[in-house]
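K.L.:
Those protein sequence lines, which keep their order, are chains A and B.
Just so you know, we're using UniProt numbering here: the first sequence kicks off at 1 and counts up by one.
Just so you know, we're using UniProt numbering here: the second sequence kicks off at 1 and counts up by one.
Glycine included, every Cβ here is placed at the ideal spot set by N, Cα and C.
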Amino acid sequence: MSNSRRLFLKGACAAAVGASGFTIATAKGTAGSDVEPVCNYALVHDETKCIGCDACSIACREVNQVPEGVSRLEIEREGPFGEYPNQHFRFTRKSCQHCDDTPCVKVCPTGAAYKDPKTGIVSVDEWKCVGCQYCIAACPYQIRFINPVTKAADKCDFCKETRLKEGQLPACVTACPTKALTFGDITDPQSQVVQVLKSAPSYRTKTDLGTRPKLFRIASQSGEIKL
Amino acid sequence: MSPFHFDSLTWPWPIAIYLFLAGISAGAICFAVLLKHFKLGRDAYKSGFVQAACLIAPLAVFAGLGILVIDLTKPFDFWKILVFYNPTSVMSVGVAVLMVYQVALFAWLACVFKEPALSWCNGRWPVVEKLFSAIAKHEASITGFLVILALSLGAYTGFLLSALTTYPMLNNPVLPLLFLVSGLSSGAAGTLLGGVLLKGNPDGKEVHFIHNIEIPMILVEIVLIFTFFTGLILTGGQSQVAAFAAIGEGFWGWIFWAGIVVVGLSMPLAFNLFMKASSKRKFSYVAITASCSLIGVLLLRNFILYTGQMTVA
Ligand code: SF4
Ligand code: SF4
Ligand code: SF4
Numbered sequence: 001m002s003n004s005r006r007l008f009l010k011g012a013c014a015a016a017v018g019a020s021g022f023t024i025a026t027a028k029g030t031a032g033s034d035v036e037p038v039c040n041y042a043l044v045h046d047e048t049k050c051i052g053c054d055a056c057s058i059a060c061r062e063v064n065q066v067p068e069g070v071s072r073l074e075i076e077r078e079g080p081f082g083e084y085p086n087q088h089f090r091f092t093r094k095s096c097q098h099c100d101d102t103p104c105v106k107v108c109p110t111g112a113a114y115k116d117p118k119t120g121i122v123s124v125d126e127w128k129c130v131g132c133q134y135c136i137a138a139c140p141y142q143i144r145f146i147n148p149v150t151k152a153a154d155k156c157d158f159c160k161e162t163r164l165k166e167g168q169l170p171a172c173v174t175a176c177p178t179k180a181l182t183f184g185d186i187t188d189p190q191s192q193v194v195q196v197l198k199s200a201p202s203y204r205t206k207t208d209l210g211t212r213p214k215l216f217r218i219a220s221q222s223g224e225i226k227l
Numbered sequence: 001m002s003p004f005h006f007d008s009l010t011w012p013w014p015i016a017i018y019l020f021l022a023g024i025s026a027g028a029i030c031f032a033v034l035l036k037h038f039k040l041g042r043d044a045y046k047s048g049f050v051q052a053a054c055l056i057a058p059l060a061v062f063a064g065l066g067i068l069v070i071d072l073t074k075p076f077d078f079w080k081i082l083v084f085y086n087p088t089s090v091m092s093v094g095v096a097v098l099m100v101y102q103v104a105l106f107a108w109l110a111c112v113f114k115e116p117a118l119s120w121c122n123g124r125w126p127v128v129e130k131l132f133s134a135i136a137k138h139e140a141s142i143t144g145f146l147v148i149l150a151l152s153l154g155a156y157t158g159f160l161l162s163a164l165t166t167y168p169m170l171n172n173p174v175l176p177l178l179f180l181v182s183g184l185s186s187g188a189a190g191t192l193l194g195g196v197l198l199k200g201n202p203d204g205k206e207v208h209f210i211h212n213i214e215i216p217m218i219l220v221e222i223v224l225i226f227t228f229f230t231g232l233i234l235t236g237g238q239s240q241v242a243a244f245a246a247i248g249e250g251f252w253g254w255i256f257w258a259g260i261v262v263v264g265l266s267m268p269l270a271f272n273l274f275m276k277a278s279s280k281r282k283f284s285y286v287a288i289t290a291s292c293s294l295i296g297v298l299l300l301r302n303f304i305l306y307t308g309q310m311t312v313a
């Protein structure tokens, strides 16, 4: 009797120590230890220039062969605001934010969701993905989906496998008729993204979750102010 | 927005069943260990309740894993979860725990059923005999190990969801505790129900023992549910929105108040207190109480999973 009780206590202590050790270890693991990045890609969406024409999302679908029914990029519209003839819409971009601290990568059991240490681009290894959808639930921006063709998790990868490979800018950036999108390396002070970010105040969404998104937005003048 | 289909829903009910089965397995084996060590000793294998728990624990864990695999979009690639590990992923750690848990579980079952197994073998396979005695020598450490693993498995069912920052209701430190305790109580209920179905004595010392633990356990569960929702409401913001959306009006509100609070918690508590007072327990009392608990826990898993995903941070 007393033997089993002691065993029980021992077990409980070991479990507690193990659990706290694990928590500390994982917390440490995510705190640093990243390889020094060669560059860190970011994207700016200037909502003051965006006219909601969907050229970007159409180009993305074509270049990355995104099947019907799912999309890597959507332009969400709000409005109209104001009275005719001075009506405005507000357009916001819904796509992967390429978080610097990535919830989707942390939860993936197989490591299929990963952040490229050299470019900071977050992508999915189609082969390693088992389709558990943990990453889809973990992404606070809710932009991940299961690709109906590959059955793997999918999302915007800054055209890593298509345009970037050929040394070109992402499809959506090139397609935009009003130059509302700027793509580049934020660690390079001379880059165009850095210039754009310095020229106007920008914001990012859900920063309180600690994800440090790399999709910057320049706020549209139209639209309502919400508390 | 229908209760079962909405945009932010990623994981539907099969995941709730998986979490339920993992919890019941962990709970049942904990009670089997307790019964063996504190009440029955070497004769444990003769008890219908221990037999029930020892059947439920492996079957539930297999069924749960089966559901998890079928629910993958690439079920045939499930082996990649076993080959590749990501230490920061709760799911990855959980799968590892599940694997070791099954080994410990079968080792412990071998210790408990050593006598009947050996007499059945009747000296026909000396290898089996050797194996059984080798395992039985380490019974104490196996038991300790198994209990730790079972408790980790029970808590894992909650950690899996509480790791999601996307959903403020799930991203909650009380959730793993709540799921652990409700998993243990579903294990107790499963053991009782299975036990009386396997012709265990409904007024036996096993039932008395489990019921004595069940009453405080239900009370702890009530306190944890209360803490869970008060915490959310006091946090404000989206957490508060999520809490009110869950326990307010509508389909899931009904499930919570009628299904979880009344059927799952209050009725078993009342029955337990009544049985403690009345002198004799009958088959029907024990079976009904246990069924209520099981329904309550199953509803709780679904309720938390669905309502948790309704509100995004
Ligand atoms: S936006 Fe979502 S998918 Fe993209 S990096 Fe962040 S968490 Fe991952
Ligand atoms: S769905 Fe694929 S990428 Fe996402 S967490 Fe699961 S295995 Fe990883
Ligand atoms: S960067 Fe490429 S993948 Fe991402 S939205 Fe633009 S076109 Fe699509």
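Roughly how many angstroms separate the alpha carbons of LYS115(A) and CYS129(A), rounded to a whole number?
P.N.:
So the alpha carbons of these two residues sit roughly 14 angstroms apart.
K.L.:
Would the segment 38-48 of chain B count as touching the segment 199-207 of chain B if we require 3 or more Cβ pairs under 8 angstroms?
P.N.:
Contact holds: three or more Cβ-Cβ distances are below 8 angstroms.
K.L.:
Within the continuous beta strand (DSSP E) that includes VAL44(A), where are the two ends?
P.N.:
From DSSP, the beta strand (DSSP E) with VAL44(A) extends over 41-46.
K.L.:
Using the Cα positions of ALA107(B) and ALA136(B), report the straight-line distance between them to the nearest angstrom.
P.N.:
When rounded, the distance between both Cα atoms is 8 angstroms.
K.L.:
Roughly how many angstroms lie between the CA atoms of TYR84(A) and GLU78(A), to the nearest whole one?
P.N.:
Taking the straight line from one Cα to the other gives about 16 angstroms.
K.L.:
I want to verify the contact list: residues of chain B whose CB lies under 8 angstroms from the CB of LEU209(A), in sequence order.
P.N.:
Those within 8 angstroms of LEU209(A) in chain B are THR165, ALA313.
K.L.:
Any Cβ of chain B within less than 8 angstroms of the Cβ of ASP34(A)?
P.N.:
Low confidence applies here, because ASP34(A) scores a pLDDT of 47, under 50, leaving its location unreliable; read the following figure in that light. No, because no Cβ of chain B sits closer than 8 angstroms to the Cβ of ASP34(A).
K.L.:
Please state whether the Cβ-Cβ distance between LEU305(B) and ALA60(B) is less than 8 angstroms.
P.N.:
No, the Cβ-Cβ distance between LEU305(B) and ALA60(B) is not below 8 angstroms.
K.L.:
Does any residue of chain B have a CB that is nearer than 8 angstroms to the CB of LYS28(A)?
P.N.:
The predicted model places LYS28(A) with a pLDDT of 47, which falls under 50 and marks its position as unreliable; any figure quoted below should be read in that light. Chain B contact via Cβ: absent.
K.L.:
Could you say which of GLN238(B), PHE303(B), PRO268(B), SER185(B) lies nearest to ILE29(B) if we only look at CA atoms?
P.N.:
That would be SER185(B), whose Cα lies nearest to the Cα of ILE29(B).
K.L.:
Following the continuous beta strand (DSSP E) through GLU214(B), name the residue where it begins and the one where it ends.
P.N.:
Where GLU214(B) is concerned, there is no enclosing beta strand (DSSP E), although the alpha helix (DSSP H) it sits in stretches over 205-235.
K.L.:
When DSSP labels each residue in this structure, what does GLY79(A) get in the three-state scheme?
P.N.:
Strand.
K.L.:
Give me every residue whose Cβ sits closer than 6 angstroms to any heavy atom of ligand 1, in chain order.
P.N.:
Qualifying residues come out as CYS96(A), GLN97(A), HIS98(A), CYS99(A), THR102(A), PRO103(A), CYS104(A), VAL122(A), CYS139(A), TYR141(A), ILE143(A), ARG144(A), LYS155(A), THR211(A).
K.L.:
So, ALA42(A) versus ALA175(A), is the Cβ gap smaller than 8 angstroms?
P.N.:
Cβ atoms of ALA42(A) and ALA175(A): not closer than 8 angstroms.
K.L.:
Nearer than 7 angstroms: is that true of the beta carbon of VAL70(A) relative to any heavy atom of ligand 3?
P.N.:
No - ligand 3 has no heavy atom lying nearer than 7 angstroms to the Cβ of VAL70(A).
K.L.:
Expressed to the nearest angstrom, what Euclidean distance is found between the alpha-carbon atoms of LYS114(B) and TRP120(B)?
P.N.:
Rounded to the nearest angstrom, the two C-alpha atoms are 10 angstroms apart.
K.L.:
When you compare the CB positions of ALA287(B) and VAL174(B), do they come within less than 8 angstroms of one another, or not?
P.N.:
No, they are not a contact pair.
K.L.:
GLU166(A) by DSSP, collapsed to three states: which one?
P.N.:
Residue state, collapsed to three classes: helix.
K.L.:
At the 8 angstroms Cβ level, is LEU215(A) part of the contact set with chain B, yes or no?
P.N.:
Judged by the 8 angstroms Cβ criterion, LEU215(A) is not in contact with chain B.
K.L.:
Look up TYR156(B) in the DSSP assignment and say whether it is helix, strand or coil.
P.N.:
Reduced to three states, the DSSP call for TYR156(B) is helix.
K.L.:
Would GLN97(A) pass as an interface residue toward chain B - the criterion being a Cβ-Cβ separation below 8 angstroms?
P.N.:
No, because no Cβ of chain B sits closer than 8 angstroms to the Cβ of GLN97(A).
K.L.:
Might you give, ordered along the chain, the residues of its own chain that have their beta carbon closer than 6 angstroms to the beta carbon of SER92(B), omitting 5 neighbours on each side?
P.N.:
Only TYR85, ASN86 meet the Cβ criterion.
K.L.:
With a threshold of 8 angstroms between beta carbons, is THR110(A) in contact with chain B?
P.N.:
Chain B, which has a Cβ nearer than 8 angstroms to the Cβ of THR110(A), makes this yes.
K.L.:
Are there 16 or more other CB atoms within 10 angstroms of the CB of ALA171(A), so buried, or fewer, so exposed?
P.N.:
Burial call: buried.
K.L.:
Can you tell me where the beta strand (DSSP E) holding residue 250(A) begins and where it ends?
P.N.:
Outside the shown range of chain A (1 to 227) lies residue 250(A), about which nothing can therefore be said.
K.L.:
According to the neighbour-count rule (16 or more other Cβ atoms, all chains shown, within 10 Å of its Cβ), is GLN97(A) buried or exposed?
P.N.:
Buried is the call here.
K.L.:
According to a CB-to-CB cut-off of less than 8 angstroms, which residues of the segment 167-195 of chain B neighbour chain A?
P.N.:
For the segment 167-195 of chain B, which is checked against every Cβ of chain A, the residues closer than 8 angstroms are TYR167.
K.L.:
Along chain A, which residues have their Cβ under 8 angstroms away from the Cβ of ILE142(B)?
P.N.:
Correct list: empty, because the minimum Cβ distance to chain A is about 10 angstroms.
K.L.:
If we call anything under 8 angstroms between Cβ atoms a contact, is SER123(A) one with ASP100(A)?
P.N.:
Cβ atoms of SER123(A) and ASP100(A): not closer than 8 angstroms.
K.L.:
Taking just the CA atoms, how far does ALA137(A) sit from PHE20(B)?
P.N.:
For PHE20(B) and ALA137(A), the distance between alpha carbons rounds to 19 angstroms.
K.L.:
For ligand 2, I want to know if THR165(B) counts as a neighbour, meaning its beta carbon is within less than 7 angstroms of at least one of the ligand's heavy atoms.
P.N.:
Result no, Cβ not under 7 angstroms from ligand 2.
K.L.:
Does the segment 127-142 of chain B come close enough to the segment 69-76 of chain B that 3 or more CB-CB pairs lie under 8 angstroms?
P.N.:
Verdict: no, contact absent.
K.L.:
Report yes or no: is there a C-beta of chain B within less than 8 angstroms of the C-beta of CYS132(A)?
P.N.:
Yes, CYS132(A) counts as interfacial toward chain B.
K.L.:
Evaluate LYS28(A) with the Cβ neighbour count: other Cβ atoms within 10 Å of its Cβ, from every protein chain shown; 16 or more gives buried, anything less gives exposed.
P.N.:
Caution applies to LYS28(A), whose pLDDT of 47 falls short of 50 and renders its modelled position unreliable; the model cannot decide the point.
K.L.:
Given a cut-off of 8 angstroms on the beta-carbon distance, is the pair PRO176(B) and THR311(B) in contact?
P.N.:
Contact flag unset, no.
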